[in-house]
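Below is one structure, written out as structure tokens, with a few remarks after it.
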Amino acid sequence: MCGIWASVGLTVSRAVIDAVAHRGPDGEGWREAITPAGQLVLGHRRLAIVDLSLDGAQPMTSSDGRYTVVYNGEIYNHPELRLELAAAGHRFNTCSDTEVLIAAYAQWGESCLNRFNGMFAFVLWDSAEHRLFLARDRFGVKPLYLWQSPDGGLAVASEIKQFLALPGFATRLDHVAAYDFLTWGVFDHSARTMFAGVSQLRGGECATVSLASSPPALQVRRWYSLPRAGTLRLGPETAIERFAELIDDSVALRLRSDVPVGACLSGGLDSSAIVCLAANRTASPIVTVSARYDGQAIDEGRFIDIVNAAVPTRPIAVHPDGTALSHLLDRLAFHQDGPFSSTSVFAQWCVFAAARREGVPVMLDGQGADEQLAGYHPAFTAYHSGLLRHGRMRTLVAELAAQRRRHGVTAAWQAAVLARALLPDVGRRALRRLRGLGRPDWLRGEACRSSHDPLPATVGLETLIESQMQETSLPMLLHYEDRNSMAHGIESRLPFLDYRLVELAVGLGERHKIVDGETKWLLRRAMQNILPPAIRDRQDKIGFATPEKSWLAGPSRAIVETMIAEASSRFPDLFRPAELAHLKDEVLSGRRPFDFTLWRIVSFAAWGRAFGVTG
């Protein structure tokens, strides 16, 4: 895991890699070259995980001098690829996966990406072809940002804050991205970022940059797409067996490391499955780190304790609180490179900070399971509406009854939710407008010009899964995961995002996701003999929650007041001050039901202040 930099046609200093020293505390590298497009610079900050010797340092150049790469990530199947490439005649001088990446590109060209099982963002310079090749992993676990100067110079970085060291870079607001975040709570759903002029390669995208002339010419294309939903028609037993094999192998691959590996443990189904599978494959107790909220309804300590008692672990607990949140807000906003949608990001920050203190630089985590396996409660409505549209009435009646039995909802509530879901797209959008969604009174009308509408074009579970994987959920969670882990020099590994597992789950479509009112049915059955029954059979969905409402009205109230005032003064073309103050007063007094809107504005203002962003 690392921080990388590449630029051409720009004057830069080592400040661009010093800005991400937290991503790579174990070393740095720098290379300059002259190309027809101008000066090329490749920079790297190293977090040593595989091959800890200096042989694994970057930028790394092939033995013939043609290819040089700066790379962030891990290719988990690099030992297998190394054997295949050695059989094809390649010779290796290190044990690093970086050298395997270079050899794979030399052997297979851009199609090497299809052979990688891992997470990655890299820039590879082909000196013979005068070309850069940029790539990001299938789901966007590792980030890659781009900025072009007015005269055509190009910069590529792991984090946006690296661009601050460039002459001519201005921290200006992208109003479309701001609207999407403030209104709908989404970002990273497109190539846009919160910074005007800064774009990102999205998950599954790559790019070529011709250096044959000035200015450099950039071409972006998609190299990976999710499989078409519903194309796999496996019976339940076959699907369960295949899923169990793949998740176990995925965990095994992600335990490959030359440094200690631990795991985040929330007490939920996903993280618990990873901990139990990992514990079965490690010789010594695995370190688990959990966030606890003693005495709070959201505390999952009982379930955390069950998992830690079931398998050999060394449990560590952290106790995030609102006072610490207030003190750390500016630092959080700076490390995130943008605002964040809830205070759960702070809790995650605390977990990774504890892992670093314990000397565990690699942590397994459960991101991606809810999106691909219909783990969020809106999946019920999507599934039920799809059943109704396709006339599967017997299954629908049975599933509605099971949801009432397992989750305590009423038939009247189900009917109202289904009715809204089945409205035509225009009707659902009109209903949102009537409810004040999409155009809140505290935003100025001229700011409401988003190109994004989070409503899927059609209803159904397969559509929801695709939306959550690519737009409304997973990209944001991966952004938080990367920034929080790397802020502490931690490599986070995500077994549920093994592409083989995702392709199985997505390929099955709606099959085996919700059965008899149970979400993530496939995972539950695959973990039948792995998870403690109290975990496997949990029907509640707390998520990685914090006592946000009480924090904001209590120990964090002062920072809320400060940031609401900051939002109004810093972004006068975006916010209506009187309406914003009224929203704050209504929420903190309890007169308005609490949601995440207030926190989004607070973190947005904190981010603006941290980076000196102007509207």
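My numbering puts the sequence shown at residues 1499 to 2113.
Even glycine gets a Cβ: it sits at the ideal position worked out from N, Cα and C.
Between residue i and residue j, what straight-line distance do the alpha-carbon atoms span, to the nearest angstrom?
| i | j | result |
| --- | --- | --- |
| G1766 | T1566 | 42 Å |
| V1654 | A1710 | 18 Å |
| H2010 | G1889 | 19 Å |
| E1530 | L1508 | 11 Å |
| S2054 | M1617 | 36 Å |
| R2036 | T1729 | 30 Å |
| P2030 | R2090 | 40 Å |
| G2113 | E1578 | 50 Å |
| L2050 | L1652 | 41 Å |
| T2060 | A2043 | 24 Å |
| I2028 | L1941 | 50 Å |
| S2101 | F1679 | 11 Å |
| Y1978 | E1582 | 35 Å |
| A1750 | S1561 | 31 Å |
| P1810 | I2033 | 16 Å |
| Q1912 | L1642 | 42 Å |
| P1758 | R1855 | 13 Å |
| P1534 | A1604 | 23 Å |
| G1587 | P1714 | 34 Å |
| G1527 | K2039 | 45 Å |
| R1904 | G1873 | 15 Å |
| L1732 | F2073 | 52 Å |
| A1663 | F2109 | 12 Å |
Give the DSSP bridge partners of residue i, in chain order.
| i | result |
| --- | --- |
| S1990 | M1861 |
| E2016 | V2013 |
| R1890 | The partner list for R1890 (beta bridge, DSSP) is empty, contrary to what the question assumes. |
| G1536 | T1533 |
| I1814 | V1787 |
| E1696 | Here the sequence assigns Val to residue 1696, which means Glu is not the residue at that position. Answer by DSSP bridge pairing, in chain order: W1645. |
| I1502 | H1542 |
| L1630 | W1623 and V1707 |
| N1570 | A1619 |
| P1523 | R1544 |
| M1558 | V1567 |
| W1528 | G1541 |
If residue i and residue j are in contact, beta carbons under 8 Å, what's the gap, nearest whole angstrom?
| i | j | result |
| --- | --- | --- |
| F1661 | L2020 | That belief does not hold up - the Cβ atoms of F1661 and L2020 are roughly 42 Å apart, past 8 Å. |
| S2066 | P2075 | 4 Å |
| N1615 | D1980 | Not confirmed; about 18 Å, so no contact. |
| L1699 | R1613 | The Cβ separation is near 19 Å, so there is no contact. |
| S1883 | G1958 | 7 Å |
| S1755 | I2012 | Not a contact, Cβ separation roughly 35 Å. |
| A1900 | G2015 | 3 Å |
Measure the Cβ-Cβ separation of residue i and residue j and say whether it is below 9 Å.
| i | j | result |
| --- | --- | --- |
| S1723 | G1702 | yes |
| L1550 | Y1569 | no |
| A1880 | L1962 | yes |
| V1506 | V1707 | yes |
| R1564 | C1500 | no |
| R1670 | F1693 | yes |
| V1684 | E1960 | no |
| P1818 | A1789 | yes |
| F1878 | V1787 | no |
| E1657 | R1512 | no |
| E2046 | Q1966 | no |
| E2064 | G2106 | yes |
| I1491 | V1785 | With the chain covering 1499 to 2113 only, the question about residue 1491 has no answer from this structure. |
| A1601 | G1571 | no |
| K1659 | A1845 | no |
| N1982 | W2097 | no |
| V1621 | A1504 | yes |
| R1998 | L1775 | no |
| A1985 | H1833 | yes |
Among the options, which one has its Cα closest to the Cα of residue i?
| i | options | result |
| --- | --- | --- |
| S1990 | I1772, S2067 and A2065 | I1772 |
| M1558 | G1587, D1624, H1687 and L1581 | D1624 |
| Q1537 | S2067, P1641, I1515 and G1650 | G1650 |
| R1829 | V1816, H1817 and V1843 | V1843 |
| R2023 | R1720, P1523, I1802 and I1738 | I1738 |
| F2094 | Q1605, Y1874, P1734 and P1837 | P1837 |
| F1590 | N1612, F1620 and D1553 | D1553 |
| G1459 | P1534, A1852, A1727 and I1796 | Residue 1459 lies beyond the stretch modelled for the chain, which goes from 1499 to 2113, so this question has no answer here. |
| L1862 | P1993, R1690, S1594 and A1815 | P1993 |
| N1778 | Q1870, M2025, W2097 and S1647 | M2025 |
| P1973 | G1638, G1525, E1526 and W1503 | G1638 |
| V1816 | S1824, S1764 and L1827 | S1764 |
| S1770 | D1792, S1782, Y1791 and G1799 | G1799 |
| L1498 | Q1865, A1776 and V1895 | For residue 1498 there is no data in the structure shown, the boundaries of the chain being 1499 and 2113. |
| S1839 | D1686, L1921 and T1893 | D1686 |
Let me see if you follow: with CB-CB separation under 9 Å, is residue i close to chain B or not?
| i | result |
| --- | --- |
| G1836 | Given the protein chain composition of this structure (a single chain), no chain B is represented. |
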